[in-house]
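Numbering (this note's numbering), first residue to last: 1416 to 1875.
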């Protein structure tokens, strides 16, 4: 009887899946892009058959194009889903590039595959190997990780590093320095994993570490959210036994914390989630990503981010059809949404580095930061066309703001044309006087044999 029950269940799931596929084929998604009805934004409307996660998939496409969502209206009651987004480019202008508009139509319209596989976002890559790292944050951690990879002749192609609530998560795409493709040597992969695990275990507050090496590719930012959510970084645990101010690395200033509230809306049996926070790019993606991965369905939503403050309102139920049931669940939803917003938020000093790419570049840059008592709280690393474009958010290792003299000293070492300071008072942006010291270190920085000067720590 148990066997027949399993057969009936499998058959039922199969029929449901086939019905869903048929429904989608009969009701393909429709995308309308309007540059006339709004004075200040491009209006994108998406109508589609409904399924769990579809809102995240649409938002992901728009944010991956670096579009700014200023307003949105979402409705997905029943079997149909409708989204309306007001978007601009990063300069606040309407989107008029026909190539980008065509890409949006193809990515979200009938020709797309986002209804079936985009939410998974996994594929094999022959170009690089993906490394996922999770551990306790501490000053110099990124420097040590990148030094290990450089010493093992692994080139960091791109990657992203987040820190929050004393925890650090990173996804790096690396290839073999000798072959220029994904690492295929199993012994080398084992050694990479072992040494990186040793580095992650080096913190004094070791709450557990995780190192994964794979040839699969995931959507980096969504995966980072999933890693930190699974690590329970939303639980605010202050280390009472450690008075060192480094224990606060990754915290957002209390004044900058988002205001999140969850209440039960009895008339429709929804739970209403309201969020007020400082606006920034990709804010909507971060909150929708977290609600989706917590298995909540957004039935209606209103988003307004036209000013410096963003307001988000969601009407949700759990995937099982129930609203938020208890005060404990309510508190957890609030904590998780706060954490999702804070992971990417930063009031730290932003540094942008642009120079010719080479093996060991990230190791050398982060070593200089560490030697000048800076810690990296978030970083984005990318290479394209032989150029490295890296963004770092830094603060003092004691948690204090960075001194202007320290920044100018670092820029002299690296080269003020290579390292730019963003979003800070004008005195930090002024060019410094050339000096013999600057030319000496700048020459070393451009050298492809930096390790020969003993600047890369050996882990062999």
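Note that CB positions come from ideal geometry on N, CA and C, so glycine has one too.
Just so you know, these numbers come straight off a predicted model, no measurement behind them.
(message) Could you give the first and the last residue of the continuous beta strand (DSSP E) run that contains residue 1690?
(response) Within the chain shown, numbered from 1, the residue matching residue 1690 stands at position 275. Segment 1685-1693, the beta strand (DSSP E) holding residue 1690.
(request) Hey, could you find the ends of the beta strand (DSSP E) residue 1789 is sitting in? (result) Translated into positions along the chain shown, residue 1789 becomes position 374. Start and end: 1789-1799.
(request) Output the distance between the C-alpha atoms of residue 1550 and residue 1586, rounded to the nearest integer angstrom. (result) In the chain shown, residue 1550 corresponds to position 135, counting from 1. In the chain shown, residue 1586 corresponds to position 171, counting from 1. If you take the alpha carbons of residue 1550 and residue 1586, they lie about 12 Å apart.
(request) Leaving aside the five residues before and after residue 1785 along the sequence, list all residues of the same chain whose C-beta is less than 8 Å from its C-beta, in chain order. (result) On the chain shown, residue 1785 is found 370 positions in, with the first residue counted as 1. Answer for residue 1785: 1554, 1555, 1558, listed in chain order.
(message) Please report the distance separating the alpha-carbon of residue 1580 from that of residue 1810.
(response) As a first step, residue 1580 must be located in the chain shown, where it is residue number 165. As a first step, residue 1810 must be located in the chain shown, where it is residue number 395. A straight-line Cα-Cα distance of about 15 Å links residue 1580 and residue 1810.
(request) Count the other CB atoms, across all protein chains shown, that sit within 10 Å of the CB of residue 1574; report buried if there are 16 or more and exposed otherwise. (result) For the purposes of this step, residue 1574 is taken as residue 159 along the chain shown, with counting starting at 1. Answer is buried; the Cβ neighbour count reaches 16.
(message) Given this structure, state the Cα-to-Cα distance separating residue 1735 from residue 1759, to the nearest angstrom.
(response) Numbered from its first residue, the chain shown carries residue 1735 at position 320. Numbered from its first residue, the chain shown carries residue 1759 at position 344. Approximately 30 Å, taken between the alpha carbons.
(message) I need the boundaries of the beta strand (DSSP E) containing residue 1724, first residue and last residue.
(response) In the chain shown, residue 1724 corresponds to position 309, counting from 1. Its beta strand (DSSP E) spans residues 1724-1733.
(message) Which residue marks the beginning of the alpha helix (DSSP H) containing residue 1645, and which one marks its end?
(response) As a first step, residue 1645 is located in the chain shown; it is residue number 230 there, counting from the start. Run containing residue 1645: 1635-1645, per the alpha helix (DSSP H) assignment.
(message) Quick check on the DSSP output: the beta strand (DSSP E) that includes residue 1573 runs from which residue to which?
(response) On the chain shown, position 158 is the one that residue 1573 refers to. Element bounds for residue 1573: 1569-1579.
(message) Here's the rule I'm using: 16 or more other beta-carbon atoms within 10 Å means buried, otherwise exposed. How should residue 1737 be labelled?
(response) Start at 1 with the first residue of the chain shown, and residue 1737 comes out as number 322. Residue 1737 is exposed by the Cβ-count criterion.
(request) Have a look at residue 1493 and residue 1641 and give me their C-alpha separation to the nearest angstrom. (result) In the chain shown, counting from the first residue as 1, residue 1493 sits at position 78. In the chain shown, counting from the first residue as 1, residue 1641 sits at position 226. A direct Cα-Cα distance of roughly 28 Å separates residue 1493 from residue 1641.
(request) Identify the continuous alpha helix (DSSP H) that holds residue 1566 and give its terminal residues. (result) Along the chain shown, one-based indexing puts residue 1566 at 151. Looking at the DSSP string, the run of the alpha helix (DSSP H) that includes residue 1566 is 1556-1566.
(request) For residue 1710, count neighbouring C-beta atoms within 10 Å of its own C-beta (all shown protein chains included) and say buried if the count is 16 or more, exposed if not. (result) Within the chain shown, numbered from 1, the residue matching residue 1710 stands at position 295. That one is exposed.
(request) Measuring alpha carbon to alpha carbon, tell me which of 1542, 1775, 1818 ends up nearest residue 1569. (result) Reading the chain shown from its first residue, position 154 is the one you call residue 1569. Measuring from the Cα of residue 1569, the nearest candidate turns out to be 1775.
(request) Could you tell me the boundaries of the beta strand (DSSP E) in which residue 1767 lies? (result) One-based indexing of the chain shown puts residue 1767 at position 352. From DSSP, the beta strand (DSSP E) with residue 1767 extends over 1764-1771.
(request) State the CB to CB distance for the pair residue 1572 and residue 1588, rounded to an integer number of angstroms; the pair is presumed to be in contact (CB under 8 Å). (result) Here the question's residue 1572 lines up with position 157 in the chain shown. Here the question's residue 1588 lines up with position 173 in the chain shown. Right, the Cβ-Cβ distance comes to about 5 Å (below 8 Å), so this counts as a contact.
(request) Provide the residue span of the alpha helix (DSSP H) that contains residue 1759, from first to last. (result) Translated into positions along the chain shown, residue 1759 becomes position 344. According to the DSSP assignment, residue 1759 belongs to the alpha helix (DSSP H) that extends over 1742-1759.
(request) Return the first residue and the last residue of the alpha helix (DSSP H) that residue 1476 is part of. (result) Start at 1 with the first residue of the chain shown, and residue 1476 comes out as number 61. It spans 1469-1479 - the alpha helix (DSSP H) in which residue 1476 sits, taken as one unbroken run.
(message) Tell me the rounded alpha-carbon separation between residue 1483 and residue 1543.
(response) Taking the chain shown and counting its residues from 1, the one referred to as residue 1483 is at position 68. Taking the chain shown and counting its residues from 1, the one referred to as residue 1543 is at position 128. Each residue's Cα considered, the two are about 30 Å apart.
(request) List the endpoints of the continuous alpha helix (DSSP H) containing residue 1601. (result) Walking along the chain shown from the start, residue 1601 turns up at place 186. It spans 1601-1615 - the alpha helix (DSSP H) in which residue 1601 sits, taken as one unbroken run.
(request) Using the Cα positions of residue 1834 and residue 1745, report the straight-line distance between them to the nearest angstrom. (result) Looking up residue 1834 in the chain shown gives position 419. Looking up residue 1745 in the chain shown gives position 330. For residue 1834 and residue 1745, the distance between alpha carbons rounds to 44 Å.
(request) Determine the contact status of residue 1583 and residue 1649, defining contact as a CB-CB distance below 8 Å. (result) Position 168 of the chain shown, counting from 1, holds the residue named residue 1583. Position 234 of the chain shown, counting from 1, holds the residue named residue 1649. Their beta carbons are not under 8 Å apart, which means residue 1583 does not touch residue 1649 by this criterion.
(request) In the DSSP assignment, find the beta strand (DSSP E) that holds residue 1808 and state where it starts and stops. (result) Along the chain shown, read from residue 1 onward, the residue named residue 1808 stands at position 393. Looking at the DSSP string, the run of the beta strand (DSSP E) that includes residue 1808 is 1802-1811.
(message) By DSSP's criteria, residue 1464 is part of a beta bridge. Which residues make up the other side?
(response) If you number the chain shown from 1, residue 1464 lands on position 49. Answer by DSSP bridge pairing, in chain order: 1495.
(request) Please name the residue or residues paired with residue 1551 in a DSSP beta bridge. (result) Here the question's residue 1551 lines up with position 136 in the chain shown. Residue 1551 pairs with 1582.
(message) Just to confirm my understanding: we take residue 1700, look at its own chain, exclude 5 residues before and 5 after, and list those with CB closer than 6 Å. What are they?
(response) Locating residue 1700 in the chain shown gives position 285, counting from the first residue. Cβ neighbours of residue 1700 within its own chain (closer than 6 Å, five residues either side excluded): 1474, 1478.
(message) Just list the residues that DSSP pairs residue 1487 with in beta bridges.
(response) In the chain shown, counting from the first residue as 1, residue 1487 sits at position 72. Residue 1487 is bridged to 1500, 1718.
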